[in-house]
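To start, the structure under review is shown below, and the notes come after it.
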Amino acid sequence: MTVVLNSVQDVITWRKQNQSNTIGFVPTMGALHNGHESLLARSKSENDLSILSIYINPTQFNNVDDFTKYPKTWDHDLKIARNHNIDVIFKPNYDELYPDNYKFKVIESDFSHILCGADRPGHFDGVLTVVLKFLNIIRPTNAYFGEKDFQQLTLIRNMVKSFFLPTHVVECPIIRNANGLALSSRNSRLNADELQVAEKLNSVLTLSKSATEAKIKMNELGVTVNYIVDIDNRRLASINVGPIRLIDNVKI
Ligand code: AMP
42 MTVVLNSVQD VITWRKQNQS NTIGFVPTMG ALHNGHESLL ARSKSENDLS
92 ILSIYINPTQ FNNVDDFTKY PKTWDHDLKI ARNHNIDVIF KPNYDELYPD
142 NYKFKVIESD FSHILCGADR PGHFDGVLTV VLKFLNIIRP TNAYFGEKDF
192 QQLTLIRNMV KSFFLPTHVV ECPIIRNANG LALSSRNSRL NADELQVAEK
242 LNSVLTLSKS ATEAKIKMNE LGVTVNYIVD IDNRRLASIN VGPIRLIDNV
292 KI
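Below is the structure:
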């Protein structure tokens, strides 16, 4: 049975009642798709109990439009959680999670300022802060993150290490649609033409001989390239298709 908990105190109590169990944690912003489902399945298979959080975290949005238009599909999400026999959905509100009204935050001073951080000031402060809160409330054995958000995953891994948190960070491979597009909740906001262009990104990243070549090819398709760079055997990209910001990365 899947239980929905809204309060921090209820989650702390649930955790105390299950002290001797291994706990898998999957943080999400909802609008669940197969990418999220792969994390849920992995958590279920590796832990006694699994908890999913669904929370559209306002402190990580620096664009009001992106925040207000973020897709919300609660009934669908609940069904998915039940299908995967997720034990708990944690669905807090802002006042529960931010009793200090975001006066305290986690700030990383290096990697969070480049790539997506350069275009989205404060984005990773919001991400790291909310993840630290979740990890402290839930105290999971394992927490599952997608490689799709590679910069986020790296920063979370380093935060966990820096603050000696007792959670194991598990990275999960990118799930794509049949045409190679990395699944994302934001894809539902693309129209048919935009989708076709977005679907080119993965093959361009994979087949180009350099990041510069990939950038030129994407520009020719009429999209705005926020960045395409090679770092440590990985090609990382962010593009805007219309107003929709998409990210992807491939091993090179
Ligand atoms: P989000 O709801 O977008 O914040 O994502 C929640 C988690 O799911 C993050 O760890 C993401 O990296 C992961 N995720 C999102 N899309 C995918 C995907 N296509 N494949 C694998 N993991 C994903």
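My numbering puts the first residue of the sequence shown at 42, with every later residue one more than the last. We put the CB at the ideal spot given by N, CA and C, even for glycine.
The alpha-carbon of Val129 is positioned some 42 angstroms away from that of Met259. Secondary structure note for Phe131: it is in no alpha helix (DSSP H), and the uninterrupted beta strand (DSSP E) holding it is Val129 to Phe131. Note: Thr265 is bridge-paired with Asn281 in the DSSP secondary-structure output. With respect to Val105, Ser84 sits apart: the two C-beta atoms are not nearer than 7 angstroms. Contact between Thr114 and Gly71 is confirmed by a C-beta separation of about 7 angstroms, below the 8 angstroms threshold. Beta bridge pairing from DSSP links Gly65 with Ser91 and Asn183.
Under the DSSP assignment, His117 falls in the alpha helix (DSSP H) whose first and last residues are Trp115 to Asn124. Looking from the CA of Lys120, the closest CA among Lys146, Leu81 and Ile216 belongs to Leu81.
In this structure, the CA atom of Ser203 is about 26 angstroms from the CA atom of Ile97.
Residue nearest to Lys110 within the set Leu206, Leu93 and Asn228 is Asn228 (criterion: CA-CA distance).
Residues of the same chain with a CB within less than 8 angstroms of the CB of Leu90, apart from the 5 flanking positions on each side, are Asn59, Asn62, Thr63, Ile64, Gly65, Asp128 and Val129 in chain order.
Contact annotation: the region 143-158 touches the region 264-284, with at least three C-beta pairs closer than 8 angstroms.
Selection Val282, Gly283 and Ala278 evaluated against Lys292 yields Ala278 as nearest (Cα-Cα).
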